[in-house]
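Per the working numbering, the very first residue in the sequence shown carries number 76; after that it's consecutive.
Glycine residues also receive a C-beta, built at the ideal position from the N, C-alpha and C atoms.
Encoded as structure tokens, the structure appears first; notes follow it.
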Amino acid sequence: MIKVLLVDDQELVRRGLQRILGQEADINVVAECNDGSQVLHAVQTHKPDIVLMDVRMKQVDGITATRELKLMADSPPVMMLTTFGDDEVLWNALEAGAAGFVLKDSSAEELVRAIRVISEGGAWLDPAITGKVIEQYQRLHPENNQQSTQLSSLTTREHEVLVLLAQGLVNREIADHLFVSEATVKTHISHIFNKLDTRDRAAAIVFAYNHGVVSPRSPATIQKSARSENFKSDQD
């Protein structure tokens with residue numbers, strides 16, 4: 076069972092998310108917060124496996140709450156809820172330690188998939204706005220925009236793992252694809268983080284996009300559904 080903490084200052088959004096996630100046998104919403112200031116206490120009390128967090132809230136925003144949460148030992152991963160208008164702050168969210176982001180008008184199927192991927196230790200960057208996040212990364216880190224010697228330091232196998240990681244696969248799926256053990260995949264990913272000087276999967280994915288290892292516009296290995304059923308419709 077995946078235990079989820081919902082953090083959003085709009086009751087209608089939380090109600091819609093509850094309705095979507097309540098239909099999944101393996102997902103349980105254990106608590107809700109209407110502001111980032113409540114997150115630390117809720118995490119300590121309910122021990123969620125993942126925090127689904129809005130970017131913008133009235134008192135403490137999602138980025139600040141994520142940064143504070145990541146100071147805790149064994150803190151759960153955070154997935155940011157965002158809109159197209161929030162794309163300029165998403166790199167800041169990743170730098171704060173978020174494991175990824177999903178748009179509020181995503182399909183229910185896509186939201187559930189994202190929660191499962193992140194709960195398994197993966198990262199999730201919504202392809203609809205990943206390109207804009209890369210643009211922000213390039214503005215903030217112009218020194219990293221050229222072909223990196225760090226990338227050339229990867230072995231052939233590590234490069235293969237980076238491609239699959241950037242396409243949204245979790246360790247188990249990468250292991251199945253490459254016919255190796257999950258322990259071997261974890262070792263490769265650790266080496267990738269060290270060589271690319273990235274601290275987590277989300278940062279490694281951004282690095283991969285920025286250096287042309289994969290394209291934000293290229294079809295992912297795991298196809299995503301059309302956005303026909305979304306959060307807004309579930310709130311009606």
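Just to confirm, are residue i and residue j a CB contact at a threshold of 8 Å?
i, j, result
"ILE125", "ILE190", "yes"
"GLY137", "GLY197", "no"
"VAL114", "ALA168", "no"
"GLY111", "GLN85", "no"
"LEU178", "ASP201", "yes"
In whole angstroms, what is the alpha-carbon distance linking residue i and residue j?
i, j, result
"ILE95", "SER228", "44 Å"
"LEU117", "ALA250", "In the sequence as presented, Leu is not what sits at residue 117; that position holds Ala. The straight-line gap from Cα to Cα measures roughly 34 Å."
"ARG214", "ALA100", "43 Å"
"VAL208", "TRP166", "6 Å"
"GLU170", "ALA183", "27 Å"
"ASP83", "LYS122", "18 Å"
"MET128", "THR139", "11 Å"
"THR231", "GLU257", "18 Å"
"ASN269", "CYS108", "36 Å"
"LEU92", "MET132", "17 Å"
"THR120", "VAL192", "24 Å"
"ALA295", "VAL245", "Because the pLDDT of ALA295 is 38, which lies under 50, any placement of that residue in the model is unreliable, and the number read from its coordinates should be weighed accordingly. The alpha-carbon atoms of ALA295 and VAL245 are separated by roughly 13 Å."
"SER315", "VAL164", "Absent from the structure is residue 315, since the part of the chain shown begins at 76 and ends at 311."
"HIS234", "ILE204", "24 Å"
"VAL289", "GLU210", "15 Å"
"GLY97", "ASN103", "7 Å"
"ALA148", "HIS286", "32 Å"
"MET76", "GLY206", "33 Å"
"TRP199", "LEU240", "10 Å"
"ARG90", "LYS145", "26 Å"
"ASP180", "ARG274", "29 Å"
"GLU143", "ALA278", "18 Å"
"SER293", "VAL260", "Unreliable positioning characterises SER293 in this predicted model, as indicated by a pLDDT of 40, which lies under 50. A coordinate reading is not provided."
"VAL255", "TYR284", "25 Å"
Give the C-beta separation of residue i and residue j to the nearest angstrom, bearing in mind that I take them to be a contact with Cβ-Cβ under 8 Å.
i, j, result
"VAL88", "VAL105", "That belief does not hold up - the Cβ atoms of VAL88 and VAL105 are roughly 17 Å apart, past 8 Å."
"GLU195", "ARG247", "7 Å"
"LEU271", "GLN225", "5 Å"
Tell me whether residue i is buried or exposed, calling it buried when 16 or more other Cβ atoms sit within 10 Å of its Cβ.
i, result
"PHE282", "buried"
"LEU81", "buried"
"THR141", "buried"
"SER300", "Confidence at SER300 is low in this model, with a pLDDT of 30, below 50, so the placement of that residue should be treated as unreliable; the coordinate-derived value is given next. The residue in question, SER300, is exposed, as its Cβ has fewer than 16 Cβ neighbours within 10 Å."
"PHE306", "Annotation note: pLDDT 46 at PHE306 (below 50); position unreliable, coordinate value reported separately. Buried, by the Cβ-count rule."
Review point. Are the region 171 to 182 and the region 142 to 157 touching by the rule of at least three beta carbon pairs closer than 8 Å?
Key: A contact exists between the region 171 to 182 and the region 142 to 157.
Check your understanding: Are there three or more Cβ pairs, one per stretch, closer than 8 Å when the region 256 to 268 is compared with the region 179 to 193?
Key -> Result no; under three Cβ-Cβ pairs closer than 8 Å.
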